[in-house]
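Numbering-wise (the working numbering), the sequence shown opens with residue 25 and increments by one. Even glycine gets a Cβ: it sits at the ideal position worked out from N, Cα and C. What follows is a single structure, written as structure tokens, with notes after it.
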Amino acid sequence: MISSQEIAFEVKGLTKIFRTRGALGQTETVHALDGVSFAVLTGKTLGVVGESGSGKSTIGRCVLGLIEPTAGKIALDGQDLNHKRKSLARQFRRQVQIVFQNPQRSFNPLFSIRNSVGEALNLRPDWSREQRQKRVEEVLDAVKIGDEMRDRKPEELSGGQLQRVAVARAIAPEPKLIFLDEPTSSLDLSVRGEILRLLRELQKSLGITYVFVSHDLEVVRVVADNIVVMYHGQIVEQAPARDLFDNPKHPYTQALLAASELSEDQFRWSQRTELNLATDNGCRMRDRCPFAEEKCSESQAFNTVSRFHQVRCWKVTEYKQPIGSNKINKTITDE
Ligand SMILES: Nc1ncnc2c1ncn2[C@@H]1O[C@H](COP(=O)(O)OP(=O)(O)O)[C@@H](O)[C@H]1O
Ligand SMILES: [Mg+2]
């Protein structure tokens with residue numbers, strides 16, 4: 025058993041339903057998150073993987089209090105987050121930081137780099153002005169942004185440099201958790217590795233806990249200790265990173281692995297068919313799963329593969345071997 029002390033961050037049954045107006049004025053419901061539960065150990069990284077639209081960013085927005093979950097619990101160090109309780113929310117806000125995909129869009133273009141990082145320290149009213157100024161220089165040192173860059177405006181920095189500043193800004197108020205939402209997806213391949221290395225170094229030295237979101241399993245492979253795979257707002261598989269790559273069980277995980285050489289645009293299973301997700305409790309993938317059977321339209325519980333490895337597919341109890349990945353491989357490359 026994992027002791028509760030080791031758990032830095034936990035979500036339980038997180039659910040978010042968006043209601044929007046369609047083009048004809050009709051109400052449309054989107055189940056962006058449906059009963060998502062996971063825990064992250066202190067100083068470790070949880071990778072959250074799934075294609076575009078699977079609900080990854082919605083988790084981050086709920087955690088930061090930018091939107092209110094329809095149901096579920098979010099807890100940091102065992103303390104429930106309630107964004108409605110202002111004092112608690114403020115405290116939480118400092119302890120959870122976020123890094124977005126696009127650094128250009130996450131900085132005020134009028135602020136210098138120093139001021140942008142300094143602004144994040146409004147979350148530390150307990151620090152003196154001097155302490156805050158010192159902290160700004162310290163975190164910019166930590167991400168290797170030279171003195172000559174610090175009075176420049178965001179537009180004068182490259183994407184990679186700016187993402188390093190975003191990381192500096194995130195660590196500045198000494199958070200416990202950083203939610204990294206596709207932090208390398210907008211960057212050139214050449215700087216991706218650099219950012220991933222930096223994040224790893226910082227985690228080692230500061231003991232921060234990460235939730236690292238990506239549509240790209242290969243990126244997550246580099247950083248994550250544990251991985252959850254999401255499909256249409258649900259977790260379909262969760263496992264220690266090694267197990268997930270060595271022994272993927274869910275057809276969707278296998279498909280993601282097989283498709284990791286394709287770009288996100290090429291890999292668009294989820295957009296192909298509209299499912300009526302609002303009323304249907306069955307496996308959300310069954311319309312396009314090559315192994316689907318009648319039983320897949322029933323509600324899918326998690327099945328345990330090994331101690332920390334769980335799969336939302338009844339078939340794993342029937343099959344000893346991973347469900348034929350060759351067949352999935354073919355389905356995708358035929359697209
Ligand atoms: N404000 C919103 N109103 C309606 N639907 C939304 C809203 N935000 C997100 N969604 C929908 O929720 C689903 C999950 O979106 P998101 O969390 O952004 O996915 P991801 O980050 O995995 O690409 C998508 O179907 C998206 O269209
Ligand atoms: Mg997203």
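N-terminal and C-terminal residue of the beta strand (DSSP E) that residue i is part of
i           : result
residue 34  : 31-45
residue 261 : 258-264
residue 100 : 95-100
residue 122 : 120-123
Per DSSP, the bridge partner or partners of residue i
i           : result
residue 51  : 45
residue 340 : None; residue 340 has no bridge partner.
residue 327 : 335
residue 75  : Looking at the DSSP assignment, residue 75 forms no beta bridge with any residue, so it has no partner.
residue 238 : 73
residue 62  : 35
residue 103 : 100
residue 268 : Beta-bridge pairing links residue 268 to no other residue.
residue 57  : 40
Extent of the continuous alpha helix (DSSP H) run through residue i
i           : result
residue 251 : Here residue 251 belongs to no alpha helix (DSSP H); instead the beta strand (DSSP E) covers 250-255.
residue 86  : 80-87
residue 282 : 275-282
Beta carbon shell of ligand 1 at less than 5 Å from a heavy atom:
Checking every Cβ against the heavy atoms of ligand 1 under 5 Å gives 42, 44, 54, 56, 76, 77, 78, 79, 80, 81, 82.
At least three beta-carbon pairs within less than 8 Å, the region 327-337 to the region 251-262
Result yes; three or more Cβ-Cβ pairs closer than 8 Å.
Inter-stretch contact at 8 Å, needing at least 3 Cβ pairs: the region 245-253 / the region 60-71:
Touching, yes, given that three or more Cβ pairs across the two stretches are closer than 8 Å.
Check whether the region 182-199 touches the region 159-172, taking contact to mean three or more Cβ pairs, one atom from each stretch, closer than 8 Å.
Result yes; three or more Cβ-Cβ pairs closer than 8 Å.
Start-end ranges of the alpha helix (DSSP H) lying completely within the region 133-214, minimum 4 residues:
The region 133-214 contains these whole alpha helix (DSSP H) runs: 137-144, 153-166, 183-195.
Under 8 Å, with one C-beta from each stretch per pair, do the region 116-135 and the region 171-179 reach the 3-pair mark?
For the pair of segments examined, the region 116-135 was found to touch the region 171-179: the number of CB pairs separated by less than 8 Å reaches three.
Would the region 202-213 and the region 73-87 be scored as touching if the rule is three or more Cβ pairs under 8 Å?
By the Cβ criterion, the region 202-213 is in contact with the region 73-87, since at least three pairs of Cβ atoms, one from each stretch, lie closer than 8 Å.
Measuring CB atoms only, is the region 132-141 touching the region 217-228, in the sense that at least three cross pairs come out at less than 8 Å?
With the cut-off at 8 Å, the region 132-141 and the region 217-228 do not touch.
Below 8 Å, can you find three or more Cβ-Cβ pairs linking the region 88-96 to the region 114-125?
Touching, per the Cβ criterion.
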